[in-house]
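Presented below is the structure to which this report refers.
Protein chains: 2
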Amino acid sequence: MTGFFASRWIDAPPNVREAAGLPAGFRASGVRCGIKPSGGRDLGLLVSSEPRTTSAARFTRSGVLAAPVLTCMKRCELSALAAIVVNSGNANAATGRRGLDEAARMQGAGAMVARVPETRVGVASTGVIGVQLEGQLIVSGLAEARDELAEDGDGDFAEAIRTTDAFSKRASLEVQLPSGTVKLAAQAKGAGMISPHFATLLCFVETDAVLEPETADLLLGVCVKRSFDRISVDGQLSTNDSVFLLASGASGVPVAPESEDELRFGEALDALLRQLALLIVADGEGSARVGRVLVSGGDQDGVERVARAVANSPLVKAALNGGDPNWGRIVQAVGAALPGTAPLVLDVWIQGVQVCGGGVGLPFDLAALAEAVSKPEVEYTIDLPGSGAEAEVFFSDLSHEYVRINAEYTT
Amino acid sequence: MTGFFASRWIDAPPNVREAAGLPAGFRASGVRCGIKPSGGRDLGLLVSSEPRTTSAARFTRSGVLAAPVLTCMKRCELSALAAIVVNSGNANAATGRRGLDEAARMQGAGAMVARVPETRVGVASTGVIGVQLEGQLIVSGLAEARDELAEDGDGDFAEAIRTTDAFSKRASLEVQLPSGTVKLAAQAKGAGMISPHFATLLCFVETDAVLEPETADLLLGVCVKRSFDRISVDGQLSTNDSVFLLASGASGVPVAPESEDELRFGEALDALLRQLALLIVADGEGSARVGRVLVSGGDQDGVERVARAVANSPLVKAALNGGDPNWGRIVQAVGAALPGTAPLVLDVWIQGVQVCGGGVGLPFDLAALAEAVSKPEVEYTIDLPGSGAEAEVFFSDLSHEYVRINAEYTT
């Protein structure tokens, strides 16, 4: 299968094929409500017509939470969301009491157009931090968004959540389960080179499978940990990151706990979110390639810290951008992540070629390796002492464009 | 006093004036031994002629330690060093058993030319990681280095430890103490924009004061914590960082524990190392300005993490490069450093102008602030809940040159 599942690191499950449009029970739209100075689409609406729709959600762990995130956490029944209102162009973060009022207003207006209780409406925002959101623009825009709702509205919806994303990120899949066929779709935003005020990951997942809230929560939790939690763009955590999963149940196909259906559905969701996460890493002006670092050893905390240290190292990221097989920087990042453990015995491979064994540099064919690291996807493998623990992180390179976008942006 | 103490953040102590040459009892040299492909000076020798010379040292905490660092830790009497051999152009790191042998050979040759026991010879290296050091070059070079030893050899010595440093970093001071006048000198290397294989901080401090080893260790420890431990270039920790303090005692002026002499001497050492640390941050092609972030609050661990998160944030660093008073990025970095603490009430000032109060953006004169952050030194102040804890970090900006140097370097 080609197309959406383009990365060599993602295996497309055999029971999945690409489809179009939203799963049964869902309609969506994306309109222009006047927040973005560019006049682009900036308001998305997603509605399920099924009363028994279940849901699950995950949010940023930042100590500074945007108003829509606080609103979701405090004023939503997160296991029974039936509608989502999302805007781009303004993050509604660092906006205090007034920001919370505007997020509540957004939620209330969403409840009216979706004809569900307020507690069943999730809200999300992405854009500039520290500027008050004009809620009236959203209230007015929602009337148009309701009129535009369509079963194939996922394209407009995905457009409306973009900020600096160079391309729209979405997929629609048909998943064959033992108990029947279901649809699974997702729309995400987030640019590999996170840019000034617009540094946010949002993802909305819809399915027409019948999911108990507990199953939805479990599956989303596991898959987010293996996808959006495993990517590093610049080590920065947003105030607004949010991921939602809504299950309309309209297919009538149940995904029961610990069933073969759950296993197959989970595999499809996993591949979907991991590929979307990789698209986020790959996005961004100037981004030349995507790196994957895989660390194994005896200490889970240690391998985790090393993987993130390598993925976040500006020296490693700049080398990745330049296609430079510079393993000294990797060793340095590893050492810095594990202070006080010297002498550390480690092995390092780049694209399968061992460059360091037992902590000592090995001879290798520099020209061949330089060629190998000029590919769009570059893999780094690090073995630390011990076994049984493993961690993987996907990361973007550090480019001139990153500096240009982030230095020359004028407030 | 102008000249060396150029930063507004460093108060030159009133009892200090700039001088020239090394303190009494010391001679130094810097020669070409053939390690650097450029043919530049790459071997430094520092020797004290005073048998009672005392010393102290501090090393990187990386889990991957270079051979010279391991050699200093295991084969030196660190409280009684009387000579230093240092090379640039090769870090002798990730070089295994053979690297240790070469470091020992370097130490042995140093002992011969300095006429002191091997255990009294400190060694240091900086340069490419993972390439074996040709110790014979150093052994041969040391004969010339011995012949060149001079009381004003600190200039050549400082040259010989440079790698990508855009300028040589050293100072020579006369310090008036109640018990008499002493000299204090230092030579350092380390470039603000740490570059591929050459990412190391080295600093050598000499004085002719009479210091007990315990006093030397205490003073060096405190001053390193307030200087080289408080700078962030790119969050990377080197395999080779080393700081040495040697006290010849040739002035005959004692610096007794808990005396007024110790207080005054400590102030001078503190100012000296802090200014050198700032020069390291300011160095590097493309570096436009230096930032200082000062965080206060009730939790020492928290303020420390926030200060380092802001200083290491590529978004904040890129904004500093562009002279952009972009406080949303600061709030984001703070939130990311303190997960799970939402809602976090914080105040933020940039160059003394409050831009965020109680977690909410405040109106400010954007044009005036943009002008203020275009200065060579930019100050960020962050107040977290509580009081009693404070942390400061100095940091460099993220420039196009950083990416160019680190991406286009060819292994």
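In order, the protein sequence lines correspond to chains H and D.
Residue numbering for the first sequence follows the working numbering, starting at 1 and increasing by one per position.
Residue numbering for the second sequence follows the working numbering, starting at 1 and increasing by one per position.
Cβ atoms here follow ideal geometry from the backbone N, Cα and C, with glycine treated the same way.
Remember, predicted model here, so these are calculated numbers, not experimental data.
Looking at the backbone, the Cα of residue 303 of chain H and that of residue 237 of chain D are separated by about 18 Å.
The beta-carbon separation of residue 138 of chain D and residue 43 of chain D, rounded to 6 Å, stays under the 8 Å limit for a contact. Apart from the 5 residues on each side of it in sequence, residue 246 of chain D sits with its Cβ closer than 8 Å to the Cβ of 26, 46, 48, 53, 54, 55, 81, 82, 84, 204, 205, 206 and 207 in its chain, given in chain order. Not one beta carbon of chain D lies nearer than 8 Å to the beta carbon of residue 275 of chain H. Spanning the alpha carbons of residue 146 of chain D and residue 172 of chain D requires a straight line of approximately 22 Å. Look at the region 320-331 of chain H: the residues with a C-beta under 9 Å from a C-beta of chain D are 320, 321, 322, 323, 324, 325, 326, 327, 328, 329 and 331. The CB of residue 238 of chain D comes closer than 9 Å to the CB of 332, 335 and 336 in chain H, given here in chain order.
In the three-state scheme derived from DSSP, where H, G and I count as helix and E and B as strand, residue 9 of chain D is classed as coil. Of all alpha-carbon atoms in D:275, D:337 and D:309, the one lying nearest the alpha-carbon of residue 4 of chain D is that of D:275. Counting only Cβ-Cβ distances below 8 Å, residue 201 of chain H has no contacts in chain D at all, with the closest Cβ about 13 Å away.
In this structure residue 107 of chain D is buried. Its beta-carbon is surrounded by 16 or more other beta-carbon atoms within 10 angstroms.
In the displayed model, residue 225 of chain D falls within a helix according to three-state DSSP. Shown in chain order are the members of the region 126-147 of chain H whose Cβ falls below 9 Å from a Cβ of chain D: 128, 129, 130, 131 and 132. Taking 8 Å as the cut-off, the Cβ atoms of residue 277 of chain H and residue 242 of chain H do not count as close. The shortest C-alpha to C-alpha distance from residue 336 of chain D to any of H:59, H:63 and H:395 is the one to H:63.
The alpha-carbon of residue 364 of chain D is positioned some 25 Å away from that of residue 309 of chain D.
For residue 27 of chain D, the enclosing beta strand (DSSP E) stretches over residues 26-31.
In the structure shown, residue 317 of chain D falls within a helical segment according to DSSP collapsed to helix, strand and coil. Under the three-state reduction of DSSP, residue 296 of chain D is assigned to strand.
For residue 109 of chain H, the uninterrupted alpha helix (DSSP H) segment begins and ends at 96-114. C-alpha of residue 223 of chain H to C-alpha of residue 268 of chain H: approximately 10 Å in a straight line. Against chain H, the CB of residue 72 of chain D has no partner CB under 8 Å away; the residue lies outside that interface.
The beta carbon of residue 343 of chain H sits closer than 8 Å to some beta carbon of chain D. Only those residues of the region 78-104 of chain H whose C-beta falls short of 7 Å from the nearest C-beta of chain D are listed: 94, 95 and 96. Taken residue by residue, none of the region 164-177 of chain H has a beta-carbon sitting less than 7 Å from a beta-carbon on chain D. By the C-beta density criterion, residue 102 of chain D is buried, having at least 16 other C-beta atoms within 10 angstroms. What residue 63 of chain H touches in chain D, judged by beta-carbon distance under 8 Å, is 334, 335, 336, 337, 338, 339, 340, 341, 342 and 344, going in chain order. For residue 347 of chain D, the uninterrupted beta strand (DSSP E) run begins and ends at 347-350, by DSSP. DSSP assignment within the region 238-275 of chain D yields the following whole beta strand (DSSP E) runs of 3 residues or more, N-terminal first: 242-247.
A distance below 7 Å between beta-carbons, with the five flanking residues on each side excluded, links residue 362 of chain D to the following residues of its chain, in chain order: 354, 355 and 356. An exposed status is given to residue 375 of chain H, since fewer than 16 other beta-carbon atoms sit within 10 Å of its beta-carbon.
Annotation: residue 104 of chain H to residue 71 of chain H spans about 7 Å, alpha carbon to alpha carbon.
Interface residue (Cβ-Cβ distance to chain D less than 8 Å): residue 293 of chain H is not classified as such. Among the residues facing chain H, residue 110 of chain D is not included, as its CB has no counterpart in that chain under 8 Å away.
Counting C-beta pairs with one atom in each stretch, the region 173-190 of chain H and the region 253-265 of chain H have three or more that are closer than 8 Å, which means they touch. Contact fails between the region 157-175 of chain D and the region 368-385 of chain H, because fewer than three Cβ pairs, one in each stretch, are under 8 Å apart.
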